[in-house]
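Take a look at the structure below.
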Amino acid sequence: MDYEELRDFMVRTQFIPRGIQDERVLAAMRKVPRHLFVDESIRYRAYEDIAIPIGEGQTISQPYMVAVMTELLELKGKERVLEVGTGSGYQAAILAELSRDVYTIERFEKLAKEAEEKFRALGYDNIHAKAGDGTLGWPENAPFDRIIITAGTPKVPEPLIAQLAEDGIVVAPVGERFSQQLIKVKKSERGLSEEYHTMCVFVPLVGKYGWDRE
Ligand code: SAH
Numbered sequence: 005m006d007y008e009e010l011r012d013f014m015v016r017t018q019f020i021p022r023g024i025q026d027e028r029v030l031a032a033m034r035k036v037p038r039h040l041f042v043d044e045s046i047r048y049r050a051y052e053d054i055a056i057p058i059g060e061g062q063t064i065s066q067p068y069m070v071a072v073m074t075e076l077l078e079l080k081g082k083e084r085v086l087e088v089g090t091g092s093g094y095q096a097a098i099l100a101e102l103s104r105d106v107y108t109i110e111r112f113e114k115l116a117k118e119a120e121e122k123f124r125a126l127g128y129d130n131i132h133a134k135a136g137d138g139t140l141g142w143p144e145n146a147p148f149d150r151i152i153i154t155a156g157t158p159k160v161p162e163p164l165i166a167q168l169a170e171d172g173i174v175v176a177p178v179g180e181r182f183s184q185q186l187i188k189v190k191k192s193e194r195g196l197s198e199e200y201h202t203m204c205v206f207v208p209l210v211g212k213y214g215w216d217r218e
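Mapped onto this note's numbering, the consecutive letters of the sequence shown carry residue numbers 5 to 218.
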């Protein structure tokens, strides 16, 4: 398989026609080897327009959703980014290409450990990973310029809003259990403003400030 060619095909057929314009985002998605973030048996499908199971009942998000959320974060290269929901680690790797430091939290110990091994193998030394309840944020490393939640939540957890820097942006799928809408929250000296984007379906954010169970 020529994975590089598959990535370029993914960008040309799935992202550009659907309106992704940020050249840095497109370049990162042409570069990061998504097939290494899924099980070997399903690598051949890694660049299709689908979410793929990664164990523990969780999934690696559909590539288009990764592109949309990353573009909404408006990364320029110097940001400190918090990701809640490491999963496979793929989204974190994309963020690491586009920002200074990525802090990523995963609820399942096993997934957190596997992702960390991949970061090390691929040389992403600007990704800091831990297992835990990401709805609490990571206060020791706050404030964050950008926060991305990659699991569906009834609302943006308050601790995350508190740990967002001024002029910061949060992108998250907010709504019901099986259907959410991407929301972009901006913090300025005048307070918070919200923008609504595409509808989506993510696995639930389970934690103190998310859903109380799977
Ligand atoms: N960004 C991931 C998407 C993984 S799916 C990727 O690129 O593969 C969402 C992940 O969020 C799941 O792995 C799930 O276990 C995790 N999750 C759910 N609730 C969480 C919480 N409170 N804190 C941290 N991770 C959580």
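Ideal Cβ positions, reconstructed from N, Cα and C, are used throughout, including at glycine.
- Just how far apart, CA to CA, sit Phe182 and Val205? Cα atoms of Phe182 and Val205: separation of roughly 6 Å, rounded to the nearest angstrom.
- Query: Nearest to Leu86 by CA position, among Gly214, Leu164, Tyr213, is which residue?
  - Reply: Nearest of Gly214, Leu164, Tyr213 to Leu86, Cα basis: Leu164.
- Query: So, using beta-carbon positions, are Thr17 and Val207 closer together than 8 Å?
  - Reply: Contact flag unset, no.
- Item | Per-residue burial, Gly172 [other beta carbons within 10 Å of its own, 16 or more giving buried] | With 16 or more other Cβ atoms within 10 Å, it is buried.
- So, using beta-carbon positions, are Tyr94 and Trp142 closer together than 8 Å? Against a cut-off of 8 Å, the Cβ pair of Trp142 and Tyr94 comes out as no contact.
- Query: Excluding the five sequence neighbours on either side, which residues of its own chain have a C-beta within less than 7 Å of the C-beta of Leu77, listed in chain order?
  - Reply: Cβ neighbours of Leu77 within its own chain (closer than 7 Å, five residues either side excluded): Arg150, Ile152, Ile173, Val175.
- Query: Are at least three pairs of beta-carbons, each pair with one atom in the stretch 129-138 and one in the stretch 90-105, less than 8 Å apart?
  - Reply: With a cut-off of 8 Å on Cβ pairs, the stretch 129-138 is in contact with the stretch 90-105, counting three or more such pairs.
- Message: Since Val42 and Ile58 should fall inside the 8 Å C-beta cutoff, what is the C-beta to C-beta distance between them, to a whole number of angstroms?
- Response: With a Cβ gap of about 7 Å, Val42 and Ile58 count as contacting.
- Item | Reduced DSSP secondary structure (H/G/I, E/B, other) of Met5 | Residue state, collapsed to three classes: coil.
- Terminal residues of the alpha helix (DSSP H) in which Leu209 lies: Segment: none, Leu209 is in no alpha helix (DSSP H) and carries neither H nor E.
- Query: Beta carbon of Pro177, beta carbon of Leu168: below 8 Å?
  - Reply: Between Pro177 and Leu168, the gap from beta carbon to beta carbon reaches 8 Å or more.
- Contact test: Thr74 Cβ vs the ligand SAH heavy atom, cutoff 7 Å: Thr74: no, Cβ never under 7 Å from the ligand SAH.
- Message: Assuming contact is defined by CB atoms lying nearer than 8 Å, are Arg49 and Arg34 in contact in what I supplied?
- Response: Contact: no.
- State the start and end residues of the unbroken alpha helix (DSSP H) segment that holds Tyr107. Where Tyr107 is concerned, there is no enclosing alpha helix (DSSP H), although the beta strand (DSSP E) it sits in stretches over 105-110.
- Query: Excluding sequence positions up to five away, which residues of its chain have a Cβ less than 8 Å from the Cβ of Val70?
  - Reply: Correct list, in chain order: Met33, Tyr94, Gln95, Ile98.
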